[in-house]
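**Student:**
Protein chains in written order, with the working numbering: chain A, 1 to 322; chain B, 323 to 693.
#1: Of the residues B:657, B:487 and B:445, which one's Cα is nearest the Cα of residue 342 of chain B?
#2: Which residue's Cα is closest to the Cα of residue 467 of chain B: A:69, A:209, A:137 and A:36?
#3: Taking the alpha-carbon positions, what's the residue 72 of chain A to residue 214 of chain A distance?
#4: Just to confirm the assignment, what range does the alpha helix (DSSP H) spanning residue 200 of chain A have?
#5: Between residue 662 of chain B and chain A, is there a C-beta pair that is closer than 8 Å?
#6: Give me, in chain order, the residues of the same chain whose beta-carbon lies closer than 8 Å to that of residue 369 of chain B; leave out the 5 immediate sequence neighbours on both sides.
#7: With a threshold of 8 Å between beta carbons, is residue 636 of chain B in contact with chain A?
#8: Hey, how far is the Cα of residue 480 of chain B from the Cα of residue 126 of chain A?
#9: Applying the criterion that 16 or more other CB atoms from any shown protein chain within 10 Å of the CB defines a buried residue, is residue 2 of chain A buried or exposed?
#10: Any C-beta of chain A sitting closer than 8 Å to the C-beta of residue 325 of chain B?
#11: Where does the unbroken alpha helix (DSSP H) through residue 519 of chain B begin, and where does it stop?
#12: Is residue 537 of chain B buried or exposed, if buried means 16 or more other CB atoms sit within 10 Å of its CB?
#13: Where in the region 516-557 of chain B do unbroken runs of the alpha helix (DSSP H), each at least 4 residues long, occur, reported from the N-terminal end onward?
#14: Which chain A residues sit within Cβ distance under 9 Å of residue 490 of chain B?
#15: Quick one: list the residues of chain B neighbouring residue 297 of chain A, beta-carbon separation under 9 Å, in chain order.
#16: Along the region 658-691 of chain B, what residues have a CB closer than 8 Å to any CB found in chain A?
#17: Let me make sure I understand the geometry here. Which of A:88, A:286 and A:233 has the alpha-carbon closest to that of residue 313 of chain A?
#18: Take residue 459 of chain B and list the residues in its own chain whose beta-carbon comes closer than 6 Å to its own, dropping the five residues that flank it on each side.
#19: Could you spell out the range, first to last residue, of the alpha helix (DSSP H) harbouring residue 393 of chain B?
#20: Given that residue 480 of chain B touches chain A, what residues does it touch there, using C-beta distances under 8 Å?
#21: Assign residue 156 of chain A to one of three DSSP states: helix, strand, or coil.
#22: Take residue 193 of chain A and list the residues in its own chain whose beta-carbon comes closer than 6 Å to its own, dropping the five residues that flank it on each side.
#23: Let me confirm a value: residue 430 of chain B is counted as buried when at least 16 other C-beta atoms fall within 10 Å, else exposed. Which label applies?
#24: Alpha carbon to alpha carbon, how far is residue 13 of chain A from residue 300 of chain A?
#25: If distances are taken between C-alpha atoms only, which option among A:206, A:49 and A:175 comes closest to residue 186 of chain A?
#26: Where are the beta strand (DSSP E) runs, 3 residues long or more, that stay fully inside the region 233-286 of chain A, in chain order?
#27: Considering residue 17 of chain A, what are the terminal residues of the alpha helix (DSSP H) in which it resides?
#28: Alpha carbon to alpha carbon, how far is residue 188 of chain A from residue 311 of chain A? Give it in angstroms, no decimals.
#29: Taking all protein chains shown into account, do 16 or more other C-beta atoms lie within 10 angstroms of the C-beta of residue 512 of chain B, making it buried, or fewer, making it exposed?
#30: Tell me whether residue 276 of chain A is buried or exposed, calling it buried when 16 or more other Cβ atoms sit within 10 Å of its Cβ.
#31: At what residues does the alpha helix (DSSP H) containing residue 348 of chain B begin and finish?
#32: Check whether the Cβ of residue 255 of chain A lies closer than 8 Å to any Cβ atom in chain B.
#33: In the structure shown, what three-state DSSP assignment does residue 57 of chain A receive?
#34: Can we count residue 415 of chain B as close to the ligand FMN, meaning its CB is less than 7 Å from some heavy atom?
#35: Taking just the CA atoms, how far does residue 665 of chain B sit from residue 391 of chain B?
#36: Does the CB of residue 552 of chain B have a neighbour CB from chain A at under 8 Å?
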């Protein structure tokens, strides 16, 4: 029983990681007042770049760099449309998602000819598992041994980076000048502008950080969790991350809990497949798959706590009346 | 005489959208160049595949039918200032309503009786799926973009469950309903008019249902009190409310109409072509509706034209992928993305340049007039 629990929690951590990166990515963007429906697309674009670059170069780090580059390019398109051109941010996000969904398969097929996937990677060009010190030696200690060696140790570097990004994000958002301005620009851009700070430049920086983090997320999917890019491999995770962001009420630490919760639901769904719960019978897997979305809708409805987005999110900033 | 910053109508409704579209196509062409193929060759195959022979034309019309329904759905919501991204889910659940009507009646009724119930079922189920997001937006202020996205995913899970557990015929391995009898099938145009050369294409009576829907939407939006209220609310919610228009009523009613229109897409796919309810039969057509509505500027005529263009791309894209294997079918998704980007998010990109151009022309005219 204890072992099962540890195993489920272990896969929870693995499944939460891509969500967490994307969720924090969305946090920066939305806190600055730019609604980002395009997390999914940036994740997917990043995953493809990571898979392709890691295959060509043989290095996971070059894969990561490529993923960040591509994801940031997509983020800049989003930024140009929604900040400079003051276009509809939701429409821009939708466009990014389709662009990534189409281009990854199109280029994948043209370059590698494997039906849109990138070639299988060997171990050296992926992020492999890191064994923390003493993990092997205390493995046999009851309870703690398994907890340490299975749950805490034995993940790849990106997993640890994602969880470190949580306190870092908290610190940036709530303890630095940049963070204060970022929050301000999402609530009242006019006030920030009056203080002589460029609204556009702040938002562009937020959108770029969002791109970087989505690049990490995509890298994890393609060369952390799997051995290459598979078409549509983000499979709605960008939207779950968006749901988690709302669930977390746009706060970094809450975001981690929300992602862990949604990751846990996913892990349970995989585990429960075809198994019966005593007294209830077989629970359809689809319930677990739909649960993150249902929970988010319930929260959005304001029946259990209220999720209030940054005040200026989704509204392009117009400096002067014309 | 045009004032500074104002453009003639033909520029606003003709030239600017055309420029946006051309930009989208140029970038698409560049993508083809990056792949290492000739973009003009690609265009040739797309046009040939879609219009070069009867069957291609039939398929183009068949795809266009789907897009008319989903495009109208998005457009109606746009008129009230609402962004309904949930067309995909509403079409999916609407397909369930259509399938249930067909399953119940196909053995007893001729197709034209079943069709009436199927239309009602599809509209009802689609509208029902739009109702909760609409109500939450109207009453609780939950953002409709997010809730409709969530409902797409919930619909997907729900339909997998229903198809794999409840609707699947006994002993079958494929998660779909049984095949409908003749009483649950819309007539194919190729059987209605055998003289028309439509090959084996599945274009069917739903095409005309879609055209009827266009007329109904036009009447509704521009010729009824409700339509006026919807447009007023979309243009300025505060002013509309001040004029006595209830926001709750407009949001809910508009979304119900929008969901119903999306739900009717199944008439073409479920009752018209496949004669059964398949997993993921919507295949992203709900999202194409966004591009179609943006390009068609929310007007039924524009939506028909945009749907035809996307129908052409979908059918021609299949031909293209067949003739030039390095360009896969996803080329269409890329074009669709670029159309959404340029016609939607970057809608005003060319505006300043065009405005100053026309301002210059009118200035020279004025100068000539003075001289």
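We put the CB at the ideal spot given by N, CA and C, even for glycine.
**Tutor:** With the given structure in hand:
#1: Checked all of B:657, B:487 and B:445; the closest Cα to residue 342 of chain B is B:657.
#2: Selected option, being the one with the closest Cα: A:36.
#3: Near 8 Å, if we compare the C-alpha coordinates of residue 214 of chain A and residue 72 of chain A.
#4: That run of the alpha helix (DSSP H) goes 199-219.
#5: By this cut-off, residue 662 of chain B is an interface position.
#6: The beta carbon of residue 369 of chain B sits closer than 8 Å to the beta carbons of 634 and 638 from its chain, once the five residues preceding and following it are set aside; these are given in chain order.
#7: Put simply, the CB of residue 636 of chain B is far from chain A, with every gap to its CB atoms at 8 Å or more.
#8: Here the C-alpha atom of residue 480 of chain B lies approximately 36 Å from the C-alpha atom of residue 126 of chain A.
#9: Exposed: under 16 other Cβ atoms inside 10 Å.
#10: With a pLDDT of 47 at residue 325 of chain B, under the threshold of 50, the modelled position of this residue cannot be trusted, and the question is left open.
#11: In the DSSP assignment, residue 519 of chain B falls outside any alpha helix (DSSP H), carrying neither H nor E.
#12: With fewer than 16 Cβ atoms within 10 Å of its Cβ, residue 537 of chain B is classed as exposed.
#13: Taken in chain order, the complete alpha helix (DSSP H) segments of 4 or more residues contained in the region 516-557 of chain B are 528-545 and 547-557.
#14: Result: empty, since nearest Cβ-Cβ is about 14 Å, beyond 9 Å.
#15: Going along chain B in sequence order, the residues near residue 297 of chain A (Cβ under 9 Å) are 454, 455, 458, 464, 468, 469, 472, 473 and 476.
#16: Answer set for the region 658-691 of chain B: 658, 659, 660, 662, 663, 666, 667, 668, 669, 670 and 671.
#17: The alpha carbon of residue 313 of chain A has as its nearest neighbour, out of A:88, A:286 and A:233, the alpha carbon of A:88.
#18: Non-local C-beta neighbours of residue 459 of chain B in its own chain, meaning closer than 6 Å and more than five positions away in sequence, comprise 466 and 573, ordered along the chain.
#19: It spans 376-401 - the alpha helix (DSSP H) in which residue 393 of chain B sits, taken as one unbroken run.
#20: Per Cβ cutoff of 8 Å: 286 and 290.
#21: Three-state result, residue 156 of chain A: strand.
#22: Excluding sequence positions up to five before and after residue 193 of chain A, its CB lies within less than 6 Å of the CB of 199, all in the same chain and listed in chain order.
#23: Exposed: under 16 other Cβ atoms inside 10 Å.
#24: Here the alpha carbon of residue 13 of chain A sits roughly 26 Å from the alpha carbon of residue 300 of chain A.
#25: Answer by Cα proximity: A:206.
#26: Those beta strand (DSSP E) runs which fall completely within the region 233-286 of chain A and span 3+ residues do not exist here.
#27: If you look at residue 17 of chain A, you'll find it in the alpha helix (DSSP H) that goes 2-31.
#28: When only Cα atoms are considered, residue 311 of chain A and residue 188 of chain A end up about 7 Å apart.
#29: Counting of Cβ neighbours within 10 angstroms places residue 512 of chain B among the buried residues, the total reaching 16 or more.
#30: Counting C-beta atoms within 10 angstroms of its own C-beta, residue 276 of chain A has fewer than 16 neighbours from the protein chains shown and is therefore classed as exposed.
#31: Start and end: 338-357.
#32: It does not: the Cβ of residue 255 of chain A has no partner Cβ on chain B nearer than 8 Å.
#33: For residue 57 of chain A, the three-state secondary structure derived from DSSP is helix.
#34: Among the components modelled here there is no ligand, and therefore nothing to report on the ligand FMN.
#35: Going by the C-alpha atoms only, they are around 20 Å apart.
#36: False, the Cβ-Cβ gap to chain A never drops below 8 Å.
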